[in-house]
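Written below as structure tokens is the structure these notes are about.
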Amino acid sequence: MGNRAVITDERKEIGIYLHWSGGRDSVEGFLEYCKMKNYREDYGMARLAQTICNYFDDGLSCGVDLLENLDCDNWDNGMYIIDTTTWRIIGREYFSGVEQNRYSLEEMLKSINDSQPLKVKVDDNEIDEFIAKLDTPLF
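Heads up: the sequence shown is residues 60 to 198, going by our numbering.
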């Protein structure tokens, strides 16, 4: 049992499989962290995978493969389709449940940040400023 999800971009070629932390609040946290770090679109999926693997410490709860090889219809959170220019979810497939909303964005960003290598981390003040500038709710 897990809290599974697959994340892909609009090309639907490569996906990132999450065995844990696949709820919407967690996925939104990963995306917002990439946005806060100004990760570029052309390396978007790679930076997202790196951020997620760092979060899981051992990286064993995350996989990257061709989308066709991943369990998108996973009975948990299905598949998120993202836009790596805005770091937003733009579509969803294989999900008909209730969205997970257990973790606040601040809690997720600080937890993700704590798990990153020292040279990538930001100060908590930078996270607080980033959150204060958000003008729309994530969901």
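Note that beta-carbon positions come from the ideal geometry of N, C-alpha and C, so glycine has one too.
All values derive from a computational prediction rather than experimental measurement.
Check	Outcome
Buried or exposed: where does Tyr102 fall if 16 or more other Cβ atoms within 10 Å of its Cβ makes it buried?	exposed
The alpha helix (DSSP H) spanning Val157 covers which residue range?	Val157 -> no alpha helix (DSSP H), and no H or E assigned at all.
Just verifying my parser: in three-state terms, what is the DSSP assignment at Gly122?	strand
Let me know the secondary structure DSSP gives Gly88 once reduced to three states.	helix
Around the C-beta of Gly150, are 16 or more other C-beta atoms found within 10 angstroms, so that it is buried, or is it exposed?	exposed
Can you check DSSP and say which residues form a bridge with Arg147?	Asp142
Ignore the nearest five residues each way along the sequence and tell me which others in Asn123's own chain have a CB closer than 6 Å to its CB.	Position check: residue 123 holds Val in this sequence, whereas Asn was assumed. The answer, listed in chain order, is Ile75, Ala108.
Assign Ala64 to buried or exposed, taking buried as 16 or more other Cβ atoms, counted over all protein chains shown, within 10 Å of its Cβ.	buried
Just confirm the distance between the C-beta atoms of Gly81 and Ile171, as a whole number of angstroms; I'd bet it's less than 8 Å.	The pair is not a contact, with the Cβ atoms about 14 Å apart (cut-off 8 Å).
Measuring straight from C-alpha to C-alpha, what distance separates Asp187 and Asp194?	14 Å
Would you give the residue range spanned by the alpha helix (DSSP H) that Tyr114 belongs to?	103-114
Considering only the alpha carbon of each residue, which of Leu164, Glu185, Glu165, Arg70 lies closest to Glu127?	Arg70
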